[in-house]
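Colleague:
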Amino acid sequence: MAIEVRNLGYVYGAGTIFERHALKNVNLTIGDGEFIGLIGHTGSGKSTLIQHLNGLLRATSGDILYNGESIYREGYSMKELRSHVGLVFQYPEHQLFEVDVFSDVCFGPRNLGLTEDEVESRAREALALVGLDESFYKQSPFELSGGQKRRVAIAGVLAMKPEVLILDEPTAGLDPKGRDDVLGLVARLQKEQGMTVVLVSHSMEDVARYVSRLVVMNHGEKVFDGTPKEVFRHYKELEAIGLAAPQITYVVHALKEQGIPIDEDITTVQEAKDAILAIWRRKAQGSGEEGTC
């Protein structure tokens with residue numbers, strides 16, 4: 002297993018009048034190669050949780066194990082952990098600062114103490130993975146489109162060769178095409194590189210379409226953990242904590258209430274399209290058979 006979270010607790014402002022429990026006894030196992038979605042309303046603890054996974058925050062209580070070893074043991078290298086567990090913050094392009102794209106992507110691996118040849122090799126490989134060729138190398142990152150900036154920021158993390166990639170709202174502020182491009186890229190990396198991916202998102206449609214497992218946070222606690230279909234069966238409970246199911250889920254339930262025999266576990270538009278066409282074909286075939294009698 003890649004990451005194991007055990008009874009994790011975190012308190013902001015401990016011992017002050019501003020004390021607030023951000024995480025409460027969270028238990029979570031993230032296996033190698035999984036594609037996990039993490040959702041919750043603002044203040045649910047999801048961003049606090051992911052900042053613990055690569056040691057940016059230290060737990061108030063509990064433990065985190067990476068590949069079976071506690072990251073809180075004496076002498077454990079947080080620098081090494083962060084080279085294995087990469088975190089892409091929301092609006093990561095705000096972290097771009099170098100004069101050109103190639104220099105920006107080189108920054109992370111150079112800090113690992115690698116040779117310059119290895120640094121540049123990693124940067125080229127990472128930029129190729131995100132679909133940016135040599136024509137972008139000498140461009141200022143600040144002159145790129147929003148989606149291209151996001152790709153450069155992701156490349157900067159990929160150049161560290163992480164085993165786990167954590168993305169906090171990676172499509173925030175992007176137009177629909179930019180959102181699809183970035184999520185398509187992440188899905189391809191997860192599949193082709195066998196990378197473990199944790200995707201934090203407010204979009205129920207996105208997590209339903211891309212992830213294989215969904216974790217729901219509420220007031221610092223994990224409340225649901227299962228496949229998207231399993232979790233979205235609880236859409237009424239999700240509504241009660243300020244979330245919702247994908248819009249197509251409500252359409253499917255409305256069709257079901259009208260007597261249409263459609264699977265209530267459908268969570269994507271493509272699934273709904275396929276199911277409706279199958280129903281229509283069965284009905285058409287039935288009508289044709291009756292007409293020949």
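Using the working numbering, you'd call the opening residue of the sequence shown number 2 and step up by one each time. Cβ coordinates follow ideal geometry from the N, Cα and C atoms, glycine included. Fair warning: this is a prediction, and the values are worked out from it, not measured in the lab.
1) Which residues bound the beta strand (DSSP E) around T250?
2) How about the segment 166–175 and the segment 88–95: do they share at least three Cβ pairs that are nearer than 8 angstroms?
3) Within the segment 176–221, note down every full beta strand (DSSP E) run reaching 3 residues or more, in order along the chain.
4) For the segment 110–176, list the beta strand (DSSP E) runs that are entirely contained and at least 3 residues long, ordered along the chain.
5) Taking the Cβ atom as the reference point for each residue, do G14 and R21 lie within a distance shorter than 8 angstroms?
6) May I ask you to report which of helix, strand or coil DSSP gives S48?
7) Quick one: Cα of D207 to Cα of R180, how far?
8) Could you check whether G243 and L24 sit closer than 8 angstroms to each other, using their CB atoms as the reference points?
9) Note down, in chain order, each residue of its chain lying with its Cβ closer than 8 angstroms to the Cβ of Y77, except the 5 sequence neighbours on either side.
10) What does T30 pair with, by DSSP beta-bridge criteria?
11) Is R21 helix, strand or coil by DSSP?
12) If you draw a straight line from the alpha carbon of F108 to that of N68, how long is it in whole angstroms?
13) Does DSSP put Y77 in a helix, a strand or coil?
14) What is the rounded straight-line gap between the Cα of G287 and the Cα of A279?
15) Grab me the residues of G157's own chain with a C-beta within less than 7 angstroms of its C-beta, minus the 5 sequence neighbours each way, in chain order.
16) Taking DSSP as the reference, what is the three-state secondary structure of I277?
17) Since H85 contacts E193 with CB under 8 angstroms, what's their CB separation in whole angstroms?
18) Using alpha carbons as the reference points, say which of R210, A246, Y73, P262 lies closest to V217.
19) Measuring straight from C-alpha to C-alpha, what distance separates G148 and L175?
20) Could you check whether P229 and T268 sit closer than 8 angstroms to each other, using their CB atoms as the reference points?
21) Using DSSP with H/G/I as helix, E/B as strand and the rest coil, what is E240?
22) Between V252 and E99, what straight-line distance do the alpha-carbon atoms span, to the nearest angstrom?
23) With a 10 Å radius around its C-beta and 16 neighbouring C-beta atoms as the bar for buried, classify T116 as buried or exposed.
24) Reducing DSSP to helix, strand and coil, say where E35 ends up.
25) Does the Cβ of A241 have 16 or more other Cβ atoms within 10 Å, making it buried, or fewer, making it exposed?
Modeller: Quick answer:
1) Careful: T250 lies outside any beta strand (DSSP E), inside the alpha helix (DSSP H) at 248–258.
2) yes
3) Those beta strand (DSSP E) runs which fall completely within the segment 176–221 and span 3+ residues are 197–201, 214–219.
4) 165–169
5) yes
6) Under the three-state reduction of DSSP output, S48 falls in the helix class.
7) 9 angstroms
8) no
9) E70, S71
10) E5
11) strand
12) 26 angstroms
13) coil
14) Near 12 angstroms, if we compare the C-alpha coordinates of A279 and G287.
15) D105, V106, F108, G109
16) helix
17) At roughly 19 angstroms, the Cβ-Cβ gap does not stay under 8 angstroms, so H85 and E193 are not in contact.
18) Minimum Cα distance to V217 is reached at A246.
19) 7 angstroms
20) yes
21) helix
22) Roughly 47 angstroms between the two C-alpha positions.
23) exposed
24) Secondary structure of E35 (DSSP, three-state): coil.
25) Result: exposed.
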